[in-house]
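Residue numbers (my numbering), protein chains in the order written: chain A, 1 to 377; chain B, 1 to 343; chain C, 1 to 499.
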Amino acid sequence: MRVIRLILMLLAASLLLCGCENAGEAENHAYALVLGVDRTEEGIELTIRIPRIGQTQDQSERGSAGSEPYMTLSASGSDYAQAMEQLQWTAARELNLSQLKLIVVSESLASDDAFPPLIRAIAETRHLYTTAGFIVCEGAARPFVEGLETILGTRLSSEINAMFRHYAAHGVIPKSTFADLYDSTLSPYSDPTGILGFISGGTRGPEKLQPKSVIVPRAVSSEGGADRRYLGTAVFREGRLVCRLDAADTLLMNLISGRVDAFTCAVEGRMYSLSSASRARQSVKIDGGRVRMEVKLRLTSEAHIPPEDLDALRSALAEDLRRVIAQCQGLRVEPFGFASHAAMRFPTLEAWEAFDWRSRFSTAEVRVDISLSNPVA
Amino acid sequence: MRRGQRAEVSSLSVAMAIVPRVFCGLMVDTPDVHNGAYLSVLLGTLLALPAVHGLQFVAERANPRGMRGLRLLLAAWLSLDAAALIDCTAASAGYVAFAHVATRLLALPLLAAALRASVSGERTVVYTATLLVRASMLLLVLLIVQQLPYLRASWLAPVLGFGTRGILRAGVWTAARMTGIAGAFALLFQDCQTSDGKPRLIQGMCLASAVLVFLIVLRLMMAPSMGGDAMRRLNRLDALLTNGRAPLYSQLPMITVWFVGTLHAICFECCATGAMLRQSLPALKRWGSAILSVGPVALLTLTGLWKQALDALPAGLEYGFLLGGICLSAAAIHLQPGGRTCE
Amino acid sequence: MTIEGEAAHSGTLTGVLSEDVAQMRRRLYGDINADAHFRSFRIGATQLCICYMEGMADDNKIGAFILHACGMEEDRDASPRRWTSGELMERVLEIAQCEAEARPESLVRSVVSGMSAVLVDGSREALVVETRGYPARQVNRTTNESVVIGSQEGFVESLRTNVTLIRRYLPSSRLISEPMSAGSEFPCSLCLMYLEGTTDPGIVAALRDRIRRIDAPSVDGIGELQQYIEDRPFAILPQMLQTERPDRAASCLREGQAIVLAENSPYALVAPATVFHQLHASDDSFARWQYGTFLRVIRLCGVLLSVFLPGLYIALTSHHMHLIPMSLLTSIAEARANVPFPILVEILIMEFSFSLINEAGTRIPQQIGSALGIVGALILGQAAVAASIISPILIIIVALTGLGNYAVPDYGFSVGLILYRLFVILCGALLGLFGICIAGYCILLSVCGERSLGFPYALPLAPSRPHNPDILLRPPVWAQVHRALYGRRGASGEGGENP
């Protein structure tokens, strides 16, 4: 009798369970892999790239009818919310934003005052997880998104991850997700960054690189591969794009942040491969309102460097590092991570915010200490 | 529980009931403490230890009337707390998958599970905790290994977070929870005849404190301090389960540990309420006590009354409420110097 | 009333051979029962009559040990004399097991079980002689608990043989076997075995008491016996262990457990048992500790897969798609693109089909058993996938689930896991991971809440007791120092019969 009562009670409870309404079939969703956000005359335009189920295995096996493995959908609205709702209708099935790999925003929109509230609106979109990478593209986001294809015949979702891992390992892009952008907009630490993207052969392309100590790839032609390139960093302040760093400066920024382990340097045309013996150490000293920042790098060379090149390399690298920091100081943006170290000296968030780190950073002393050694014989 | 039986309660069981409750409260429902949450835990433990020690003292010596009052007081407090925890867990279920479903409906399966646990008895719930600890440790290790590359120690600064006031308030809140749950263990599993088999409350609370500090520090290293709208429950759940950097599949062990932990805390509180009602009213059978314990919790949860009740009660008052009850029971001992015999 | 009338009325033998034989004939339905035989003979001046059941008793034993022995004695004894049953037993009958019995109902029970009753004129006690010789299966390999290395012997249907097998594995004077029976109308012979001095007397008393309290006309074997004496008949998982291996039964006896053997059952019932006993196999102990540990881990993973994998699959694909990497999600979506059924229906169809094939495989005659493999492969494999009734990925899920189920040594436990699995599937389909966590917790609650002879089912982990570190992993044998978990005083949380 007791057990019967228990069973009845459990059954009654399970009848009240409501989750069956929420269940969906995996094949009935439209999985957006890339989301592009543009500003238009009407307001906001959203563009998404969706895989066609059953045709994503290999682009080379496209059917004779020319069916693409991925399709592009766009929708506009006066604001983000309206555009998103319109997009749900355009997709003609349940739109699933949980598998987003990239969020692409046009440069003009990222520089606009309308962008900070847009960041929050995107982050608060239900089941849009902020693990997607964040790209600021030159020109409009829509053509950038439309042309995204796989290179090696694998799926776009895995290819995007592999590509960014490759670029980030070389230090030419920041390791930047949309979560970093959103978190940094709301949190009182360092300024967020985004990846700069462009279409090869486009109107602007990457800026002409100034001679620097570090060696980075330049733009290549689009023959034989995808024409979407990712080189450089977009730096944000209070949610707006204020600065672009080219690939070389990005590499230097990543060196300061301790996010790159190996890179190539050149001095008077001779190239050397260097690697970090240990992670870059940042320290911040605050002395009566004056801030002193120090970066210590311990590098080793893979091949023997003659002493004269060793000194030249060391000083050229230090000079470039100071230049990048100075550039950011001039713009009052701090993407290096010094803020986290400085914040440790304050007991509360209130005290930290009262310190006005951005102003202090812009007038801080910078010291770069590079230790460069040849490999042990 | 029969007189003289050996209690099968260890410090692990005590910790397993305290940790999810306090973690849920501090990380999701207490927005004004963030970086200082682990300091709140330490403060709460310091405040709760003497209270629990006093409660153990009372439990060994109080007369039947004093004990009955103490049990009913704790039962009422645990019911309210269980309602709050059910609401938080149901909200997290809504965040994880059921966006368009009302939180109150998502509370129903939790209430069903609590009823099942209440019918099973407090000892079964404690045994379950002993097994769950092992599974949870495995999942935690997996979780830490997955999240390790994405943790940033720099987000622990500033140490005091939003200020000392929030830390103090959260500390008292923590002390109230610890006292309530550990007090329930003391009253339920106290062997008055022998000292062997008593629940190891002090060790359990210290263990809970250590685990909480560890988990809170991990959580703080997952996402930076944020103010404003980020304090909303949904955003805090979001930051808890998705740090935005680790792959999404790493949510799986996190969600599992979260739900299992909070479910256990809910079941323990409901079960303990029923057990204390049975001890206070021996004529009550197991089913009756289960319905009497889960029924009010269901009422509070489904009507949302718990929010009004808890909003009206500042954390200090809850703690004072419990302390006052313990002191009154201690006074009852003093009035009847013969002490008590086991019921 | 005459002495004879009194005897007949009170249920004892009269001592008058003709009346006693008539009584036995009446009780054995000798007039219509062709198997009941009554062989009269004489020794000296004493008339005797042997009652036996043809087929159950061995004619050769009757001839050699009774008739021939009596004949030899008569040849030696020149002057015919009267013999009593006691004298016959002590001096004449050449057989090891022989005892006197005065009650006709006991004589009838002995005769129908294959013994012979020797009625002696002038004695109010008959002799019950061990002459059983019915056909029985030889000790052979186990069918359901096979091992790679270790003993290959299994129990058989003969109770005597089974008891002997246990004694071989546990040659100790402390090994006690208590004969019992269950069933009022068709009694089934049982044997309760335990190690005196090791097994808690409370366990033995509890088992004895529960068996005695069975109020049923018959008990057909160990399976039914278990259902009569287990703690919670409505629990999903079995609370006692059934094993067909004598080495396993002996190992359980050393642990302080008691076992019950039954006539016509090639299984031993071990009690108390925990959930961990259900997951252990003999192979774990015979292999070296590294392999034994590995096997245990594999088996545990199998159990978890068996219970949670389908539910997890349905939860993730229905409610938590973001937790699946996109490349896998695309594969799943592509596999399911043409399947007309929702995923829950698909899983239930597969579960049903799998269980049906299992059941058919058990019942199918051996001659056409090979066809089942073809049918199963056709139905579950190629045809169903080609017709897009089910997705290929679900076949992998169900196959892994089935393998996990078969990794469990105990059949009753594996069936219980199937029921739990269905519960987890429903909870996963309705509530996703939330539902699975709740289902998992409820399952754990039910496991921890079960009792076996009053002992907690999750002993010695919950409640925690000093124990052999041989629960989840299998450490080296020299590290297993805590023996007789159930033999130590205070092992139980509640103690014996009254939780």
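We treat Cβ as the ideally placed atom computed from N, Cα and C, and that holds for glycine.
*Three-state secondary structure (DSSP) of Pro325 (chain C)*: Looking at Pro325 (chain C) - three-state DSSP - the assignment turns out to be coil, as it is neither helix nor strand.
*Member of B:Pro158, B:Ser120, B:Asp238, B:Cys327 whose CA lies at the smallest distance from the CA of Ala351 (chain A)*: The option with the nearest alpha carbon to Ala351 (chain A) is B:Pro158.
*asked:* Quick check on this structure: which residue in A:Leu299, A:Ser213, A:Leu252, A:Gln282 has the alpha carbon closest to the alpha carbon of Cys265 (chain A)?
replied: It is A:Ser213.
*May I have the straight-line CA-CA distance separating Tyr228 (chain C) from Asp29 (chain B), to the nearest angstrom?*
Using only the alpha carbons, I get a separation of about 52 Å.
*Under 7 Å Cβ to Cβ from Ser280 (chain B), same chain only, skipping five residues before and after it: list those, please.*
Setting aside the 5 residues that flank it on each side, Ser280 (chain B) is surrounded in the same chain by Arg68, Arg71, Leu72, each with a C-beta closer than 7 Å to its C-beta; the list follows chain order.
*Quick one: what's got a C-beta closer than 8 Å to Gly121 (chain B)'s C-beta in the same chain, skipping five residues either side?*
If you ignore the 5 residues before and after Gly121 (chain B), its C-beta comes within less than 8 Å of the C-beta of Cys271, Ala275, Arg286, all in its own chain and listed in chain order.
*Could you spell out the range, first to last residue, of the alpha helix (DSSP H) harbouring Thr103 (chain B)?*
DSSP places Thr103 (chain B) inside the alpha helix (DSSP H), whose first and last residues are 103-120.
*Using 9 Å as the limit for Cβ to Cβ distance, is Leu461 (chain C) near chain B?*
Yes, contact with chain B.
*Using a threshold of 9 Å, state whether the C-beta atoms of Gln86 (chain A) and Ser76 (chain A) are closer than that.*
Going by beta carbons, Gln86 (chain A) and Ser76 (chain A) fall inside the 9 Å limit.
*Once you ignore the five residues that flank Asn405 (chain C) on each side, which residues in its own chain have a CB closer than 7 Å to its CB?*
So the list reads Ser306, Ser414, Leu417, Ile418, once near-sequence residues are dropped.
*Report the partner residues of Arg240 (chain A) according to the DSSP bridge assignment.*
According to DSSP, Arg240 (chain A) bridges with A:Arg237.
*Would you say Tyr70 (chain A) reaches chain C, if we count a Cβ-Cβ gap shorter than 9 Å as a contact?*
So no, Tyr70 (chain A) is outside the interface.
_Could you tell me the alpha carbon to alpha carbon distance between Ser446 (chain C) and Ser13 (chain B), rounded to whole angstroms?_
In a straight line, the C-alpha of Ser446 (chain C) is about 18 Å away from that of Ser13 (chain B).
*With a cut-off of 8 Å on the beta carbons, I'd call Val70 (chain C) and Ala117 (chain C) a contact; round off their distance for me.*
Before going further, note that residue 70 (chain C) is Cys rather than Val in the sequence given. The Cβ separation is near 15 Å, so there is no contact.
_Counting only Cβ-Cβ distances shorter than 7 Å, please list the residues of the region 327-344 of chain C near chain A, keeping chain order._
For the region 327-344 of chain C, residues whose beta-carbon sits nearer than 7 Å to a beta-carbon of chain A comprise Ser327, Leu329, Thr330, Ile332, Ala333, Glu334, Arg336, Ala337, Pro342, Ile343.
*How many Å lie between Asp238 (chain B) and Thr131 (chain A) at the Cα?*
The alpha-carbon atoms of Asp238 (chain B) and Thr131 (chain A) are separated by roughly 12 Å.
*For my contact list, Leu95 (chain A) and Ala30 (chain A) are in at a C-beta cut-off of 8 Å; report their separation, rounded to the angstrom.*
About 5 Å separates the two Cβ atoms, so the contact holds.
*asked:* Which residues in chain A have a C-beta closer than 7 Å to the C-beta of Leu160 (chain B)? List them in chain order.
replied: Correct list: Pro347, Thr348.
_Under 9 Å, CB to CB, which of the residues in the region 129-145 of chain B have a partner in chain C?_
For the region 129-145 of chain B, the beta-carbon criterion of a distance under 9 Å to any beta-carbon of chain C is satisfied by Ala129, Thr130, Leu131, Leu132, Arg134, Ala135.
*Enumerate in chain order the residues of its own chain whose CB-to-CB distance from Leu323 (chain C) is below 7 Å, with the five nearest sequence positions on each side excluded.*
Excluding sequence neighbours, Leu323 (chain C) sits near Leu316.
_Taking beta-carbon pairs under 7 Å, can you tell me which members of the region 309-329 of chain C lie near chain A?_
Listed in chain order, the positions of the region 309-329 of chain C with a beta carbon within less than 7 Å of a beta carbon of chain A are Thr317, Ser318, His319, Met321, His322, Met326, Ser327, Leu329.
*Does Ser195 (chain B) get closer than 9 Å to chain C when you measure Cβ to Cβ?*
Here the model assigns Ser195 (chain B) a pLDDT of 49, short of 50, so the residue's position is not dependable, and the following value carries that caveat. So, not an interface residue.
*Cβ shell of Ala316 (chain A) (< 7 Å), same chain only, five flanking positions each side left out*: Within its own chain, the residues whose Cβ lies closer than 7 Å to the Cβ of Ala316 (chain A), once the five positions on either side in sequence are excluded, are Ser213, Val267, listed in chain order.
_Start-to-end residues for the alpha helix (DSSP H) that takes in Leu316 (chain C)_ = Start and end: 289-318.
*Return helix, strand or coil for Gln190 (chain B), following the three-state DSSP convention.*
Secondary structure of Gln190 (chain B) (DSSP, three-state): coil.
*Tell me, to the nearest whole angstrom, how far the beta carbon of Leu109 (chain A) is from that of Val37 (chain A); I am working on the premise that it is less than 8 Å.*
Indeed, because the Cβ distance is near 6 Å, the residues count as touching under 8 Å.
*Under the three-state reduction of DSSP, which class applies to Met271 (chain A): helix, strand or coil?*
Reduced to three states, the DSSP call for Met271 (chain A) is strand.
*Going by C-alpha distance, which of A:His170, A:Val242, A:Asp191 is nearest Glu107 (chain A)?*
When C-alpha distances from Glu107 (chain A) are compared across A:His170, A:Val242, A:Asp191, the shortest belongs to A:Val242.
*Hey, does Phe276 (chain C) have any beta-carbon neighbour from chain A nearer than 9 Å?*
So, not an interface residue.
*asked:* Please report the distance separating the alpha-carbon of Pro50 (chain B) from that of Gly44 (chain B).
replied: Spanning the two alpha carbons is a distance of roughly 11 Å.
*Could you pull out every unbroken alpha helix (DSSP H) segment of at least 4 residues lying fully inside the region 207-256 of chain B, listed in chain order?*
Secondary structure in the region 207-256 of chain B: the alpha helix (DSSP H) runs of 4 residues or longer, each lying completely within the stretch, are 233-241 in chain order.
_Buried/exposed call for His100 (chain B), threshold 16 Cβ in 10 Å_ = If you draw a 10 Å sphere on the C-beta of His100 (chain B), you find fewer than 16 other C-beta atoms in it, and that means exposed.
*Output the distance between the C-alpha atoms of Gln367 (chain C) and Leu400 (chain C), rounded to the nearest integer angstrom.*
Answer to the nearest angstrom: the Cα atoms are 29 Å apart.
*Among C:Arg42, C:Ile149, C:Arg137, which one has its Cα closest to the Cα of Val92 (chain C)?*
Of C:Arg42, C:Ile149, C:Arg137, the residue nearest in Cα terms is C:Arg42.
_I'd like to confirm the pairing. Which residues does DSSP put opposite Asp287 (chain A) in its beta bridges?_
Asp287 (chain A) is bridged to A:Arg290.
*Counting only the same chain and skipping the five closest in sequence on each side, list residues whose C-beta sits under 8 Å from that of Leu142 (chain B).*
Leaving aside the five residues that flank Leu142 (chain B) on each side, the residues in its chain whose CB is nearer than 8 Å to its CB run, in chain order, Pro253.
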